[in-house]
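Novice: Same order as they appear, the protein sequences are chains A and B. FYI, the numbering for the first sequence is 1 to 216, going by this note's numbering. FYI, the numbering for the second sequence is 217 to 470, going by this note's numbering. Positions of the beta carbon are idealized from the N, C-alpha and C atoms, including for glycine.
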Amino acid sequence: MPLIKMIEIMCTGLSKTCAIFFLTLLFSLPLGIIIALLRMSKNFIISNIIKFFVSILRGTPLMLQLLAITYGPYYLVGISVSRNKLIPVIIAFSINYAAYFSEIYRGGIESIPKGQYEASEILGYNRSQQFLKIILPQVIRRILPSITNEIVTLVKDTSIAFTVSYVEIFTLAKQIANSQTSFMPFIVAGVFYYIFNALVSFSMSRAEKAMNYYKI
Amino acid sequence: MNVLEMNNIKKSFGENNVLKDISLQVKKGEVVSIIGPSGGGKSTLLRCATLLEKIDGGEIKYMDEKVTYYDSKQKLCYNRNLNKFRKVFGLVFQNFNLFPHYTVLKNIIDAPVSVLTMDKQEATERALALLKKMDLSGKENLYPCELSGGMQQRVSIVRALAMQPDILFFDEPTSALDPELTGEVLKVIKQLAEEKMTMVIVTHEMAFAKAVSDRVIFMDGGVIVEQGKPEDVFENTENERTKQFLKTYYSNAY
Numbered sequence: 001m002p003l004i005k006m007i008e009i010m011c012t013g014l015s016k017t018c019a020i021f022f023l024t025l026l027f028s029l030p031l032g033i034i035i036a037l038l039r040m041s042k043n044f045i046i047s048n049i050i051k052f053f054v055s056i057l058r059g060t061p062l063m064l065q066l067l068a069i070t071y072g073p074y075y076l077v078g079i080s081v082s083r084n085k086l087i088p089v090i091i092a093f094s095i096n097y098a099a100y101f102s103e104i105y106r107g108g109i110e111s112i113p114k115g116q117y118e119a120s121e122i123l124g125y126n127r128s129q130q131f132l133k134i135i136l137p138q139v140i141r142r143i144l145p146s147i148t149n150e151i152v153t154l155v156k157d158t159s160i161a162f163t164v165s166y167v168e169i170f171t172l173a174k175q176i177a178n179s180q181t182s183f184m185p186f187i188v189a190g191v192f193y194y195i196f197n198a199l200v201s202f203s204m205s206r207a208e209k210a211m212n213y214y215k216i
Numbered sequence: 217m218n219v220l221e222m223n224n225i226k227k228s229f230g231e232n233n234v235l236k237d238i239s240l241q242v243k244k245g246e247v248v249s250i251i252g253p254s255g256g257g258k259s260t261l262l263r264c265a266t267l268l269e270k271i272d273g274g275e276i277k278y279m280d281e282k283v284t285y286y287d288s289k290q291k292l293c294y295n296r297n298l299n300k301f302r303k304v305f306g307l308v309f310q311n312f313n314l315f316p317h318y319t320v321l322k323n324i325i326d327a328p329v330s331v332l333t334m335d336k337q338e339a340t341e342r343a344l345a346l347l348k349k350m351d352l353s354g355k356e357n358l359y360p361c362e363l364s365g366g367m368q369q370r371v372s373i374v375r376a377l378a379m380q381p382d383i384l385f386f387d388e389p390t391s392a393l394d395p396e397l398t399g400e401v402l403k404v405i406k407q408l409a410e411e412k413m414t415m416v417i418v419t420h421e422m423a424f425a426k427a428v429s430d431r432v433i434f435m436d437g438g439v440i441v442e443q444g445k446p447e448d449v450f451e452n453t454e455n456e457r458t459k460q461f462l463k464t465y466y467s468n469a470y
């Protein structure tokens, strides 16, 4: 098979890889904030339950979590596995990444000086105004480099979706490699992930620069 | 009328009784300075008055309205709507606590607009007028990190004033500043005193306290040791503890 044909076939998986990437970010970034806030709750029971779940999500392979969410319902309650694998893939990725993001958010929130809370409290901001207007923008500025790190990992982790036969780029590469007994498809996939991440790094450093207008 | 009334306030952190039965009343237009050694409870008193710390016993009232009360079981309770009282007072912090991600103007107008629902145009005009008064014209679009400490503190005073408080608290407003910058901040506070702004100032600047206050309170060990007119406390005190404190203070000032 000529190289150009390989690339053509693999490009059909491009939209699916992008779907995993963007949908995971869309759900996990806000979910991470909610998890972080629950984790920091003064309620001992809530914070410990969350702590436990986060430790499970961070302490077991994403691949295992993906298999559990895709096939778990069938083995547990006999619900047949849906043909559309996108839903379980997005659920597994979003929850897993939200767990990682939540710890980054928590570190960021805890690094904001107490004076920022006190000043906004005195001025009469309510709790949600205080968080959304005063605290969160400063948190995002501080944690952006760590978030970039996770996003770069996410680009590569999208390939894990091949374990449930979700036909993204890596799954296609593996199929072509098997049928053609060629290593070439994997090199093409590698180049693809590299370019994707170069774009991610570029846009994140632009975002970091854009937020650098003030000193902390 | 008393703007602020604190009666028999008690506050402890664990075993440490920081405020032991302290009472403080502040009349409209009065300027009260609180002096005393570190750890004497000055800042804690201010933090209790501004609701940043909860008292263990006693009573707080603003404009004759109770912030705290005792329920039928004699348990101390705070009024549910504390934001109502937060509109009555403002606080200027030792280390400014400006919002670093907002410009000077946004620091000043954001709370009036989003908390008091003031018209943005009106808030901006008022802010610019206050900035001009504080000798900060032209700084409105800068970020706090681009200003000197003295300017930052003056912006934080404007931010507090923009909420149109009935009483303004200062927690050691010049302690975080280089000596050459304290003057500009003290000048601004003095100007407010001349305009009959009700103020409570915790300070280590004795000459300033003497010049600006209607009443000076000397606090030590969680109690008010002595209070009175500035000349009585600074020059004619009979109290041994006050004498000792002032003596140490002046001998430390090279």
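Confirm, please, whether the CB-CB distance from Leu220 (chain B) to Ala265 (chain B) is below 8 angstroms.
Specialist: A contact, by the Cβ cut-off of 8 angstroms.
Novice: Reducing DSSP to helix, strand and coil, say where Asp335 (chain B) ends up.
Specialist: Residue state, collapsed to three classes: coil.
Novice: Taking 8 angstroms as the threshold (C-beta atoms), are Val167 (chain A) and Gly59 (chain A) in contact?
Specialist: Not in contact: Gly59 (chain A) and Val167 (chain A) (Cβ atoms no closer than 8 angstroms).
Novice: Glu118 (chain A) versus chain B: which residues are under 9 angstroms apart at the beta carbon?
Specialist: Within 9 angstroms Cβ-Cβ: Arg263, Thr266, Leu268, Leu307, Phe309, Asn313.
Novice: I'd like to check one pair, Ala189 (chain A) with Phe170 (chain A): are the Cβ atoms closer than 8 angstroms?
Specialist: Yes, the pair counts as a contact, with Cβ atoms nearer than the cut-off.
Novice: How would you list, in chain order, the residues of chain B whose beta-carbon sits under 7 angstroms from the beta-carbon of Ile134 (chain A)?
Specialist: Residues of chain B passing the Cβ test: Phe315.
Novice: DSSP state of Tyr75 (chain A), grouped into three classes?
Specialist: Reduced to three states, the DSSP call for Tyr75 (chain A) is helix.
Novice: Verify the CB distance criterion: does Asn295 (chain B) have a CB-CB separation below 8 angstroms to chain A?
Specialist: No, no contact with chain A.
Novice: Specify whether the segment 341-356 of chain B and the segment 415-425 of chain B touch according to this definition: at least 3 beta carbon pairs, one from each stretch, less than 8 angstroms apart.
Specialist: With the cut-off at 8 angstroms, the segment 341-356 of chain B and the segment 415-425 of chain B do not touch.
Novice: Starting from Thr284 (chain B), follow its DSSP beta bridges and name the residues at the other end.
Specialist: Paired residue(s): B:Tyr294.
Novice: Quick one: measure Cβ to Cβ for Leu154 (chain A) and Thr24 (chain A), integer angstroms, because I've assumed they're closer than 8 angstroms.
Specialist: That belief holds up - the Cβ atoms of Leu154 (chain A) and Thr24 (chain A) are roughly 6 angstroms apart, short of 8 angstroms.
Novice: Arg370 (chain B): which of B:Asn313, B:His317, B:Glu410 sits nearest, CA to CA?
Specialist: Among B:Asn313, B:His317, B:Glu410, the Cα nearest to that of Arg370 (chain B) is on B:Asn313.
Novice: What runs of the alpha helix (DSSP H), each 4 residues or longer, lie entirely inside the segment 388-449 of chain B?
Specialist: Runs of the alpha helix (DSSP H) inside the segment 388-449 of chain B: 395-410, 422-428.
Novice: Could you tell me if Ala198 (chain A) is buried or exposed, where buried requires 16 or more neighbouring beta carbons within 10 angstroms of its beta carbon?
Specialist: Ala198 (chain A) is exposed by the Cβ-count criterion.
Novice: On a CA-only basis, which of A:Phe53, A:Thr70, A:Phe192 is nearest Asn84 (chain A)? Give me that one, please.
Specialist: The candidate whose alpha carbon is nearest that of Asn84 (chain A) is A:Thr70.
Novice: If we require 4 or more residues per run, which alpha helix (DSSP H) segments fall completely within the segment 115-203 of chain A?
Specialist: Counting whole runs of 4 or more residues, the segment 115-203 of chain A contains the alpha helix (DSSP H) stretches 136-157, 169-180.
Novice: What are the residues of the segment 331-343 of chain B that lie near chain A, defined by any Cβ-Cβ distance shorter than 9 angstroms?
Specialist: Within the segment 331-343 of chain B, the qualifying residues are Val331, Leu332.
Novice: At least one CB of chain B closer than 8 angstroms to the CB of Tyr214 (chain A): is that the case?
Specialist: Answer yes: the Cβ-Cβ gap between Tyr214 (chain A) and chain B drops below 8 angstroms somewhere.
Novice: Does Asn218 (chain B) come out as helix, strand or coil in the three-state DSSP assignment?
Specialist: Asn218 (chain B) falls in the strand class under three-state DSSP.
Novice: Which two residues bound the contiguous alpha helix (DSSP H) that contains Gln241 (chain B)?
Specialist: That residue, Gln241 (chain B), is in no alpha helix (DSSP H); its beta strand (DSSP E) goes 232-243.
Novice: Is it true that the CB of Ile35 (chain A) sits closer than 8 angstroms to the CB of Val54 (chain A)?
Specialist: Contact: yes.
Novice: DSSP state of Glu275 (chain B), grouped into three classes?
Specialist: Note: Glu275 (chain B) maps to strand in three-state DSSP.
Novice: Could you tell me the distance, in whole angstroms, from the CA atom of Gln380 (chain B) to the CA atom of Lys303 (chain B)?
Specialist: Each residue's alpha carbon lies about 8 angstroms from the other.
Novice: Please decide whether Tyr125 (chain A) counts as near chain B, where near means a Cβ-Cβ distance under 8 angstroms.
Specialist: Output row for Tyr125 (chain A): interface = yes.
Novice: Beta carbon of Val449 (chain B), beta carbon of Glu456 (chain B): below 8 angstroms?
Specialist: Their beta carbons are not under 8 angstroms apart, which means Val449 (chain B) does not touch Glu456 (chain B) by this criterion.
Novice: Any idea which residues DSSP pairs Ile250 (chain B) with across the strands?
Specialist: B:Val418, B:Ile433, per the DSSP bridge assignment.
Novice: Take Val401 (chain B) as the anchor and find which of B:Gln310, B:Gly252, B:Ile433 has the nearest alpha-carbon.
Specialist: Nearest C-alpha to Val401 (chain B): B:Gln310.
Novice: Could you name the residues of the same chain whose beta carbon sits closer than 7 angstroms to that of Ser353 (chain B), not counting the 5 residues immediately before and after it, in chain order?
Specialist: For Ser353 (chain B), where only same-chain residues beyond five positions count, the Cβ hits under 7 angstroms are Leu347.
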